[in-house]
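**Q** In the working numbering, the protein residues as written are 66 to 123.
Pasting a structure here, questions to come.
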Amino acid sequence: MALLLIGTGVARAERQRSAQSGAPGVLTSAIIWLGVIAFVVLIYQSLTFWTNLGALFR
66 MALLLIGTGV
76 ARAERQRSAQ
86 SGAPGVLTSA
96 IIWLGVIAFV
106 VLIYQSLTFW
116 TNLGALFR
């Protein structure tokens with residue numbers, strides 16, 4: 066989640082800095098993708114954790 070927020074902040078800062086409204090740079094895209102991947106992994110890990118925790122009480 067933190068990586069996603071950082072990636073979004075970097076993307077906004079780069080857009081404000083550049084006068085052209087082109088595609089984000091390679092570094093910004095990489096940071097955004099890493100944030101999205103980290104978020105998906107975090108969701109998967111938390112679902113696995115809560116599923117295993119629930120299985121203890123069955």
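We put the beta carbon where it would ideally sit given N, CA and C, even for glycine.
Would you mind working out which of Ala-76, Leu-107, Val-106 sits nearest Leu-92, comparing C-alpha positions?
**A** Per the Cα distances, Ala-76.
**Q** Less than 7 Å between C-beta atoms, sequence neighbours within five positions excluded: which residues of the same chain meet that for Ala-88?
**A** Cβ within range, chain order: n/a, list empty.
**Q** CB Ile-108 to CB Gly-72, shorter than 8 Å?
**A** Contact flag unset, no.
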